[in-house]
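*Asks:* Supplied in structure tokens, the structure appears directly below.
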Amino acid sequence: MIHTIDAGTQAQGAILRAMFEARKRVFVDLLKWDVPVLGGSWELDGFDDAHATYIVVSDELGRHRASARLLETTRPHILGDLFPRLSDGPVPRGPAIREITRFCLERDLRASERREARNQLVSALVAHALARGIERYTGVAEMAWFQQVLSFGWHCRALGAPQIRDGAMLAALAIDIDGTTPGLLEAGGIWSGGDVLESPVPRAA
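Anchor point for the sequence shown: position 31 equals 31 in this note's numbering, and the numbering is continuous, going up by one each time.
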């Protein structure tokens with residue numbers, strides 16, 4: 001199942017709790033990131049505020065499989081506030097640009113399940129963008145993940161030369177989203193089909 005949760009709505013609390021627990025297992029327990037942990041169980045930071053949006057993939061019992069956090073680039077966000085020097089030019093900002101952060105795959109999934117969950121999440125991110133008028137995603141990624149994102153077949157590019165930060169080689173990236181993106185992902189074996197599509201949000205006249 002695909003869940004799109006705007007944090008300010010206070011909806012689907014159980015899904016969010018499962019996501020924060022999964023983030024702790026992946027980013028703190030596995031990857032050893034030095035990030036805040038709430039109550040010894042949840043990984044949250046200052047960007048998990050009322051303006052964040054979460055895309056979560058769960059199984060039929062509501063168990064977390066994959067998730068990502070989206071941040072408005074007109075507000076504080078990771079690339080703009082923590083790693084602006086990763087971009088050779090001005091950091092992309094605007095109402096039609098969101099930053100993808102905390103891309104999280106459940107660590108206990110088998111390889112085939114992880115690939116399926118990853119594809120569902122990537123497809124849901126594209127469907128979300130098309131439904132809500134988002135034209136570009138940005139992000140910061142370690143090089144291994146950045147290379148994987150490039151291989152999906154969509155319009156993705158580096159915003160600057162990779163740099164070593166906090167002991168890791170990081171790159172800033174931008175992904176342009178339009179009506180051709182699902183077809184590009186399908187050609188790359190990523191697109192999960194119509195089950196990820198959101199209903200378009202009407203725009204104000």
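We put the beta carbon where it would ideally sit given N, CA and C, even for glycine. Please read all numbers here as calculations on a predicted model, not as lab measurements.
Looking at the structure shown, is Ala158 part of a helix, part of a strand, or coil, going by DSSP?
*Replies:* Position 158 of the sequence shown, counting from 1, holds the residue named residue 158. Reduced to three states, the DSSP call for Ala158 is strand.
*Asks:* Pick out whichever of Phe83, Thr180, Val56, Asp81 has its Cα sitting closest to the Cα of Leu105.
*Replies:* Here residue 105 corresponds to residue number 105 of the sequence shown, with the count starting at 1. Checked all of Phe83, Thr180, Val56, Asp81; the closest Cα to Leu105 is Val56.
*Asks:* Under the rule that 16 or more other beta-carbon atoms within 10 Å means buried, what is Ile164, buried or exposed?
*Replies:* Numbered from 1 along the sequence shown, position 164 holds the residue referred to as residue 164. Flag for Ile164 reads exposed.
*Asks:* Specify the secondary structure class of Ala204 as computed by DSSP and reduced to three states.
*Replies:* As a working note, residue 204 is residue 204 in the sequence shown. Low confidence applies to Ala204: its pLDDT is 35, below 50, so where it sits in the model is not reliable, and the reading given next is rough at best. In this structure, Ala204 counts as coil in the three-state DSSP scheme.
*Asks:* What would DSSP say about Thr181, mapped onto helix, strand or coil?
*Replies:* If you number the sequence shown from 1, residue 181 lands on position 181. In the structure shown, Thr181 sits in a helix (DSSP, three-state: H, G or I).
*Asks:* Arg98 to Ile78, Cα distance in whole Å?
*Replies:* Position 98 of the sequence shown, counted from the start, is the residue given in the question as residue 98. Position 78 of the sequence shown, counted from the start, is the residue given in the question as residue 78. Each residue's alpha carbon lies about 11 Å from the other.
*Asks:* Taking just the CA atoms, how far does Thr138 sit from Gly189?
*Replies:* Residue numbering aside, residue 189 sits at position 189 when the sequence shown is read from its first letter. Residue numbering aside, residue 138 sits at position 138 when the sequence shown is read from its first letter. The alpha-carbon atoms of Gly189 and Thr138 are separated by roughly 22 Å.
*Asks:* Which one of Ile15, Phe47, Trp42 has the shortest CA to CA distance from Glu60?
*Replies:* Taking the sequence shown and counting its residues from 1, the one referred to as residue 60 is at position 60. Per the Cα distances, Ile15.
*Asks:* Is Met1 helix, strand or coil by DSSP?
*Replies:* Within the sequence shown, residue 1 is the residue found at index 1, counting from 1. Of the three classes helix, strand and coil, the one that applies to Met1 here is coil, per DSSP.
*Asks:* What residues are listed by DSSP as bridge partners for Gly139?
*Replies:* Numbered from 1 along the sequence shown, position 139 holds the residue referred to as residue 139. Paired residues: Leu173.
*Asks:* Between Leu44 and chain C, is any beta-carbon pair separated by less than 8 Å?
*Replies:* Judged by its chain identifiers, the structure shown contains no chain C, having just a single protein chain.
*Asks:* Here's the rule: buried if 16 or more other CB atoms are within 10 angstroms of the residue's CB, otherwise exposed. What is Leu82?
*Replies:* Numbered from 1 along the sequence shown, position 82 holds the residue referred to as residue 82. So Leu82 ends up on the exposed side.
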